[in-house]
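Just so you know, we're using the working numbering here: the sequence shown kicks off at 2 and counts up by one.
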Amino acid sequence: MRQIWKPFRALYFASLMMLIGSGLLSTYLALRLAADHVDSLWVGALMAANYFGLVLGGKIGHRLIARVGHIRAYSACAGIVGAAVLGHGLVDWLPAWLFLRVIVGLGMMCQYMVIESWLNEQAEAKQRGIVFSGYMIASYLGLVLGQLILVMHPGLGLELLMLVALCFALCLVPVALTQRIHPAAMHPAPMEPRFFIKRVPQSLSTVLGAGLIVGSFYGLAPLYASQQGLSTEQVGLFMGSCIFAGLLVQWPLGWLSDRYDRALLIRCFAFSLALAALPLAIMKQVPLEVLFIAGFLCSLVQFCLYPLAVAFSNDHVEGDRRVSLTAMLLVTYGVGASIGPLVAGVLMKLFGSQMLYAFFSFFALVLVWRIRPKAVTNLHQVDDAPLHHVAMPDSMSSSPLVACLDPRVDEQVVQEQMQNPVEPEPDPEPEPEREPVTETDSSADDEDLGREQSFTEARP
């Protein structure tokens, strides 16, 4: 274990410092606006802007890294992010804060891409699972520590913004001082949205729902806790315990995922989330003990949805398409995380803070309705399904290059598709007078053995 830890400790430290700064910034901004009695719509809009920047950075980061190299790109983005963080203390105009949040998200995505491609370059094929787990732990631990800083420093002055900028300055050091040769530039993973919408619709629905819920949680849960009367220290403890629940549940989730029907597990966890969120959704004032217990339970299940959807989708997509699948899943998650905080913010403004968990409960029930294990066929199950479940880092702390580290993705495919640009295949011409294929109808799939022959996934 020490032999594996030693080569990656600098990159893990960089990830840890980035996520400490990112987690602290999100909670600080929500509490700062709450203290100034700003509408929850603005709080949600700030988090939506951050996720929009992350999605945008996934498109821009490749070009920047290819043009100037990994170290220069990482250094430039760390400097820009640090300046944008300090900009929040210089300007009180909320539209300017929206722009700064986009810049922070964009710059951080470029940093994620550098770290993930570097980890992949240094990791041997047999080490990828352990390296990936270490990256996930560093990501979650950074988010938790970012919340706990509020316990030690509850004041909402400019000192916290300086501390966030300090974290982004420190995350620059191990990368800037590395003696290793930077890895080869990697190209964007090919995207095939039409194919995946037809092949793995239930997985994409789950990922979209997870984005709506988790994106709203990060942006608006601090505001909700503040409006419940919690002090800054208590808000930090509440957020830290909730995020720690996401880390804690990953290993038992993997045990369940490898032994039971993943579609059924998604449906069960979604229903459990709807029930766990119900007390917080119907009570305007929640006792402190109930708030912490219900919030912890909600987080235990809400952070299960994305990893389960990733495992479920990988069971039904061929190995040479898993790089594209990873990119598709992350973009879908980013879209949901950009929309969720806006919608939840409007609901909280109109009907009260408890609407945040009503929002969670509603979309969890939508997933219960949408995910139908009985509608799943066996048409596209891969030979080695169910694939081994992998504990995933939180989706706000990874880039499309995370496919490089996922041991379910063949390393040779990563090299071929992300280091050598591939031209997307043209979409087939639509066939006139063909009857539409429903999710439960497999008769048409027997006639069409092409790549887009099914709307469904396979039962593990």
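Note that the Cβ used here is the ideal one computed from N, Cα and C, for glycine as well.
Asked, Found
"CB contact flag (R129, P408, <8 Å)", "yes"
"Alpha-carbon to alpha-carbon, Y219 and L146", "14 Å"
"Ordered list of alpha helix (DSSP H) runs contained in the region 10 to 86, each at least 4 residues", "41 to 69"
"Closest residue to G135 among A295, P194, A392 (Cα-Cα distance)", "A392"
"Pick from P8, L17, M18, V39 that is closest to Y225, judged by C-alpha positions", "V39"
"Q286 burial status per 10 Å Cβ neighbour count (16 or more: buried)", "exposed"
"For A264 and S258, the rounded distance between their alpha carbons", "10 Å"
"CA-to-CA distance, M137 to L326, given in whole angstroms", "19 Å"
"Alpha-carbon to alpha-carbon, A31 and M19", "19 Å"
"Cutoff 8 Å; reference G88; Cβ partners in own chain excluding five residues on either side", "A97, L101"
"D93 - DSSP class collapsed to helix/strand/coil", "coil"
"K350: first and last residue of the uninterrupted alpha helix (DSSP H) it sits in", "323 to 352"
"Residue burial classification, E117 (beta-carbon count within 10 angstroms, cutoff 16)", "buried"
"Start and end residues, alpha helix (DSSP H) containing Q1", "What is shown of the chain runs 2 to 461, which leaves residue 1 out entirely."
"Span separating the alpha-carbon of Q235 from that of Q112", "31 Å"
"Inter-residue CB distance, S1 and F313 (contact presumed, cutoff 8 Å)", "Beyond the ends of the chain as shown, which are 2 and 461, falls residue 1; an answer cannot be given."
"Cβ shell of S339 (< 6 Å), same chain only, five flanking positions each side left out", "A49, Y52, F53"
"Whole-angstrom distance between H63 and P425, CA atom to CA atom", "Model confidence at P425 stands at a pLDDT of 44, short of 50, so the residue's coordinates are unreliable; what they give is reported in the following sentence. For P425 and H63, the distance between alpha carbons rounds to 17 Å."
"A275 at chain B interface by Cβ criterion, 8 Å", "Considering every chain present, this structure includes no chain B. It has just one protein chain."
"Euclidean distance between Cα positions of L348 and L209", "19 Å"
"Length of the line joining the Cα atoms of I72 and Y13", "16 Å"
"Unbroken stretches of the alpha helix (DSSP H), 4 residues or longer, contained in the region 93 to 151", "95 to 123"
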